[in-house]
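A short worksheet on the structure shown next.
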């Protein structure tokens, strides 16, 4: 419990009247911290803190690496910047040693400030110093850390594009050099690699690798590619929104949790340039940003995230998960959140020009490659509309090629209205692409109007395809029932498919194999929304708890608390 005397020893509160100190002591939260424990994380809602004992260090996450940017001792406060500006915390604050802090909520702080205006003035002065001082937030922003890697490769080299996308999606800062740039050799620091050795990557202060495999890149940069343990409470297959949500809830509720991702976290949603209708982001959020936040949250809560690893098979009887390279993980439960893969077009020239101007999906990093060009988008769903809006701020023109009669049948109304406000966006209805042309990169596409049969050649600097996606589930064991399109059956649908061996019915997200669950887009008849995937990922963990609870012996059950049980789910 915080006392009035302790309040008086905090510098900004030293001049408060005893009655005001008593009032503040009654509402202040008394928080004890062990070394490394956070009082507040970067991005958390505002509050004012004061250090009573120990030492607190501000920590800024820069390029995925925690950077200590200051120090607070007894009598000091922190939280003055978000309290003054009305924002979230721009940095996190953790205990450098065993510490004790007090937390004052905004409405309690404002009540004190109303009685003692000098307190508000001092908080504002400190906030100004934290922002503009020699080691303040402005200095941090003006002096960003150097990139962690340098990549040299040609713009239209497919391997170079894959390498750049891998680094971007794994939140690794890097500098990209094209061999024909005048200062490329100077920035590389030595003679450039030979043409046949591109792309090449140099880890800053470390090794240089030519034509690297992505797993080798991950290992060089310290990104986890190996599981720490041999066994887990739950193994999550796939690091999209559903998988990351399951990781967050599983780890936070005490389950030993690991996510196996074959490329980079974020899934299909991670390639979305803008998601406008995700709850809690009134200005929209990019797929990359959403994936980045979820990844940080999952790791902070203790989930392991392993990338560049594919699962070759699952043993339905033992729940053993076999990874490429021969590693085998023991899993008490498995959550299939492996999502779907973009559907490809079988059209003349597409395979040859894939990655050379033709892309499936569209990440924000593609924007620079479209500057001043005429680009085309194939598709009529929300992903296509969001990409059109994003690229319209960079490209000279954006043309949406819609095979149907209009966008109304498949695109949200708000997106259709937004498209209409951009003068450089046009929509061609009842139009489909028939061919792509170009020598080293995409130069033009041929489109055919279904109403007239007329074929037109359009100059194009980029073609982005959003025509739906398919489940890739051929690797699953035959015991896991699939629908006719390859999506995983769960709940009553799994029972109807036959093969369910237990007396009880499967849980809503449980497959035809007890203890193996499915969520997100890989599940049969999915709700194709990011929010739905996140909800199913969290709900899968609730069913995991219930499954594990039933699998325990009576003695074990008395020792383990029940967390997140669901006894009934109504879908009406």
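Numbering (the numbering used here), first residue to last: 311 to 882. We put the beta carbon where it would ideally sit given N, CA and C, even for glycine.
Query, Result
"Residue 315 - DSSP class collapsed to helix/strand/coil", "helix"
"CB-CB length for residue 888 against residue 567, believed under 8 Å", "Outside the modelled stretch of the chain, which goes from 311 to 882, sits residue 888, for which no answer is possible."
"Short Cβ contact (8 Å threshold) for residue 305 with residue 531", "As shown, the chain starts at 311 and ends at 882. That puts residue 305 outside it, with no answer to give."
"Complete alpha helix (DSSP H) runs within the region 675–719 (minimum length 4 residues, chain order)", "692–701"
"Residue 434 - containing alpha helix (DSSP H), residue span", "427–442"
"Spatial neighbours of residue 715 in its chain, beta-carbon cut-off 7 Å, leaving aside the 5 residues before and after", "739, 740"
"Residues near residue 350 by beta carbon distance below 6 Å, same chain, minus five either side", "399, 403"
"Residue 790 - DSSP class collapsed to helix/strand/coil", "coil"
"Own chain, CB closer than 6 Å to residue 368, minus 5 neighbours either side, in chain order", "379, 380, 401, 403"
"Any 3 or more C-beta pairs closer than 8 Å across the region 545–561 and the region 660–674", "no"
"Same chain, Cβ closer than 6 Å to residue 463, neighbours up to 5 away in sequence not counted", "470, 508, 509"
"Endpoints, the alpha helix (DSSP H) within which residue 846 is located", "840–861"
"Cβ pair residue 711, residue 746 closer than 8 Å", "no"
"Local conformation of residue 332 per DSSP, three classes", "helix"
"Whole-Å CB distance - residue 848 paired with residue 641, under 8 Å assumed", "Going by Cβ atoms, the distance from residue 848 to residue 641 rounds to 19 Å, so no, they are not a contact pair."
"Beta bridge counterpart(s) of residue 738 as assigned by DSSP", "711"
"Run of the beta strand (DSSP E) containing residue 413, from where it starts to where it stops", "409–414"
"Test item: CB-CB of residue 623 and residue 824 under 8 Å", "no"
"Range covered by the beta strand (DSSP E) that runs through residue 542", "541–547"
"Burial state of residue 429, where buried means 16 or more other Cβ atoms lie within 10 Å", "buried"
"Nearest neighbour of residue 394, chosen from 356, 366, 406 [CA to CA]", "356"
"Rounded C-alpha distance that separates residue 782 from residue 553", "16 Å"
"Range of the contiguous alpha helix (DSSP H) that encloses residue 476", "468–479"
"6 Å Cβ shell around residue 338 - same chain, five flanking residues per side excluded", "312, 412, 414"
"Assigned secondary structure, residue 663 (DSSP; H/G/I helix, E/B strand, else coil)", "helix"
"contact_flag[the region 494–505, the region 465–484] where n(CB pairs < 8 Å) is 3 or more", "no"
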